[in-house]
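One structure below.
Residue numbers (the numbering used here), protein chains in the order written: chain A, 6 to 208; chain B, 642 to 1034.
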C-alpha cells in the first residue's frame, strides 16, 4: 500500500473586531465559535487545495467542549452557542466558502482522532476517491486547523503513506503534527499487526 | 461489484421498553414514555432558567435498573444501557468473540452531563491539554473495557448530530467492504439531562406537551433516551442494509433547504429503480420546519416513483433520541418487516395540510413489508437516508 498524503497546516489567532475576508460568504460570521471561525479562515486560505473530496472527515481532540462551556456559562443559555455544540456544524463554513457539498462524518477519538482516522481511512480509499481529514485543536489562544488529503495519486504528493515495520508506538495528534514540521520519516500508527508511517517526498 | 451488508442482530432499550419486542408492542399499543423530569439534582442556574419557562421539563427517559441511580455517573449509566441492548441483541457471545470486530458508538453529546458542570473541566476545555478526556469517547472506552473478551480491531465515536446513527452505519459499511473487520457492532445512545434539555429549550424547539408528527397543530419536539446495538456482517442474514447516504447540503445551521434538495438526493441515492420502499420511517420530529420539508420531499418521491409508500414515525412514542434516533427507527423498521405489520401515529384530528399520501394515522396496518426507508435531518445541513430490505437471496 502506498498512498499520497498532502498536508496544509494553519495556525490562526482570531480577531473578531475586523470582518474576515470571507465575511460575505458566511451569514452571521460573527456568531461562529472559535473552531468554526478557524475552519472558515483555513478553508478560505486553502480553497484550491481542498478541491472536491468524496468525503470530509472532521476530527477534534476536544470535540465541542469549549463551546459547550460557552453555552452553559452564557447569560440565560444562549441558543447561538447551543447550535454550535455539535461537531458537524463546523462543516458549514467550509461548505459555504468552497461550495463543496457531499458526505461529512465527524469523529471523536480524543487525542488520537487524527492518527487513528488517517490509519483507518487509508485502508478504505479507492482509486477514484479523495478523503480530506480536517483536524482542529485550540492551544492557548491559537487555533490549529490542518487539512490532510489522502488519495491514490502518488505522482505529485508531498508525503507517501505506507506500511512500515519500524513503528514502535502510535503517536498522539499533537506529536504527529509537530513531527510533520521538521521530520522526513514519521512512523505514527501501531495497532495489532498494522504499522503505518509517512515519508516526505524529496526529503 | 460492491459487497452486500447484512444485519445479524439488533436490540434496544427505550423509555417504554427493555427490548425490541417490547418496543414493538408499545408502539402498536400507542404507548409513550413521556414523563415530567425530576430536576432536584440539576444545577441552580438551570433550575432558575426552567422556572421562567412556560412549561416544566418533560421527556421520555429510561428508568435505569442500577442501584443508587443518582450517584452513578452518566457514563456508567450509558454503558450499562448499551450493555443491555448489546446482550439482548447477541447471537451466542462465544460466536461473536471469535471474530475481528469493529465498534462504532453513535452519539450526539455522550456523557457530557458528567463533565460540563465541573469547574475543572471548564477551565481545561480548549487549552490544548494533552490527555484531555473527550466526553463522547469515554462511554465507548468503558464499553470496550467491560467486554474484554471481544476482539476489537477498530473503534470510533461518530457524532453527526441527529444523523449520528446514519453516519455510523455509513462508516460501518465502509469498514466491512474494505475488510477492516469481520463484523461491526454499531452502538448508539444519548442521555437527556440539564445541558440537552436547556439547549433545546433555548432554541424554542420543544413541545410544551406531546410530540405530534405531521399534524397541523404540532408544536415541537419531545426529547427521549434510547440505547441500541445493531450488529452488521458480510454473511447473509434475513435483513440487508441495502443503501446508506449522508449528505451535507450547506444551507443553514438549523434548517434544511426549503425544497429539501439534500434530503431528496439522499433518498435517490439509496433507492435504485427496482427497490422502491414499502414503508418510510420519517425523522418526524414534529417541529414546523422538519415535518414540512419531509412532507414535501416524500410527496415528490411518491409522484416521481408512482408509489404510495406508507409513512410512519416513532418520536411521538419514544421521543427524539438524538444520536440514537436513526437506530431506533431502523429497529422499528426491521420489526415492521419481520411482522408484516405497521404501527401508526396517534392523531386527535386528521391533518389537512399534508402533500404526501398514506401517512398511517391512528390505525395500525397489516401490509407486506419487504423494504423500509428511514430519513434523518440534523443541525449543520446534514441529511441522511437508509434503506433496509428483506433478503430474498
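Glycine included, every Cβ here is placed at the ideal spot set by N, Cα and C.
Residue-level contact to chain A via CB, residue i, 9 Å cutoff
i: residue 943 of chain B; result: no
i: residue 890 of chain B; result: yes
i: residue 930 of chain B; result: no
i: residue 901 of chain B; result: no
i: residue 828 of chain B; result: no
i: residue 685 of chain B; result: no
i: residue 1035 of chain B; result: Chain B is shown from 642 up to 1034; residue 1035 of chain B falls before or after that span and cannot be answered.
i: residue 933 of chain B; result: no
i: residue 799 of chain B; result: yes
i: residue 775 of chain B; result: yes
i: residue 926 of chain B; result: no
i: residue 865 of chain B; result: no
i: residue 742 of chain B; result: no
i: residue 811 of chain B; result: yes
i: residue 977 of chain B; result: no
i: residue 601 of chain B; result: Chain B is shown from 642 up to 1034; residue 601 of chain B falls before or after that span and cannot be answered.
i: residue 833 of chain B; result: no
Whole-angstrom C-beta distance between residue j and residue i, which should lie under 8 Å
i: residue 907 of chain B; j: residue 1026 of chain B; result: 4 Å
i: residue 757 of chain B; j: residue 866 of chain B; result: At roughly 17 Å, the Cβ-Cβ gap does not stay under 8 Å, so residue 757 of chain B and residue 866 of chain B are not in contact.
i: residue 114 of chain A; j: residue 778 of chain B; result: 6 Å
i: residue 647 of chain B; j: residue 877 of chain B; result: 6 Å
i: residue 868 of chain B; j: residue 730 of chain B; result: Residue 868 of chain B to residue 730 of chain B, Cβ: 11 Å. No contact.
i: residue 831 of chain B; j: residue 68 of chain A; result: Rounded, the Cβ-Cβ distance is 14 Å, inconsistent with contact.
i: residue 894 of chain B; j: residue 1021 of chain B; result: 6 Å
i: residue 1016 of chain B; j: residue 945 of chain B; result: No, residue 1016 of chain B and residue 945 of chain B are not in contact; Cβ-Cβ is about 16 Å, not under 8 Å.
i: residue 122 of chain A; j: residue 144 of chain A; result: Rounded, the Cβ-Cβ distance is 20 Å, inconsistent with contact.
Contact check, residue i vs residue j, beta carbons under 9 Å
i: residue 75 of chain A; j: residue 86 of chain A; result: yes
i: residue 750 of chain B; j: residue 836 of chain B; result: yes
i: residue 956 of chain B; j: residue 849 of chain B; result: no
i: residue 154 of chain A; j: residue 10 of chain A; result: yes
i: residue 162 of chain A; j: residue 192 of chain A; result: no
i: residue 47 of chain A; j: residue 17 of chain A; result: yes
i: residue 744 of chain B; j: residue 793 of chain B; result: yes
i: residue 111 of chain A; j: residue 128 of chain A; result: no
i: residue 678 of chain B; j: residue 698 of chain B; result: yes
i: residue 674 of chain B; j: residue 142 of chain A; result: no
i: residue 960 of chain B; j: residue 806 of chain B; result: no
i: residue 883 of chain B; j: residue 108 of chain A; result: no
Sequence-distant residues of the same chain with beta carbon closer than 7 Å to residue i, five excluded per side
i: residue 918 of chain B; result: 912, 950, 1012, 1013, 1014, 1028
i: residue 993 of chain B; result: 857
i: residue 762 of chain B; result: 756
i: residue 146 of chain A; result: 18
i: residue 846 of chain B; result: 861, 862, 928
Best match in the options for proximity to residue i [C-alpha to C-alpha]
i: residue 58 of chain A; options: A:82, A:103, A:196; result: A:103
i: residue 664 of chain B; options: B:977, B:1000, B:852; result: B:977
i: residue 881 of chain B; options: B:972, B:861, B:942; result: B:972
i: residue 982 of chain B; options: B:1001, B:966, B:1005; result: B:1005
i: residue 101 of chain A; options: A:154, A:188, A:29; result: A:29
i: residue 826 of chain B; options: B:832, B:958, B:738; result: B:738
i: residue 818 of chain B; options: A:36, A:53, A:130; result: A:130
i: residue 804 of chain B; options: B:1031, B:714, B:795, B:829; result: B:829
i: residue 713 of chain B; options: B:682, B:668, B:990, B:948; result: B:682
i: residue 942 of chain B; options: B:960, B:914, B:954, B:675; result: B:914
i: residue 844 of chain B; options: A:204, A:133, A:81, A:202; result: A:81
i: residue 54 of chain A; options: A:126, A:13, A:34, A:45; result: A:13
i: residue 700 of chain B; options: B:962, B:859, B:991; result: B:962
i: residue 791 of chain B; options: B:952, B:680, B:989, B:728; result: B:728
9 Å Cβ cutoff, residue i in contact with chain B
i: residue 195 of chain A; result: no
i: residue 129 of chain A; result: yes
i: residue 205 of chain A; result: no
i: residue 76 of chain A; result: yes
i: residue 157 of chain A; result: no
i: residue 47 of chain A; result: no
i: residue 70 of chain A; result: yes
i: residue 137 of chain A; result: no
i: residue 202 of chain A; result: no
Close Cβ partners of residue i (< 6 Å) along its chain, the five nearest in sequence each way excluded
i: residue 784 of chain B; result: 720, 723
i: residue 687 of chain B; result: 835, 839
i: residue 1031 of chain B; result: 978, 1011
i: residue 667 of chain B; result: 657, 658
Residues near residue i in its chain [Cβ-Cβ closer than 8 Å; skip 5 each side]
i: residue 73 of chain A; result: 90
i: residue 118 of chain A; result: 64, 65, 66, 112, 140, 178
i: residue 120 of chain A; result: 175, 176, 177, 178, 181, 193, 194
i: residue 643 of chain B; result: 818
i: residue 92 of chain A; result: 63, 65, 68, 69, 111, 113
i: residue 200 of chain A; result: 168, 169, 170, 171, 172, 192, 194
Check: residue i C-beta below 8 Å from any heavy atom of the ligand COA
i: residue 703 of chain B; result: As for the ligand COA, it is missing from this structure, which has no ligand bound.
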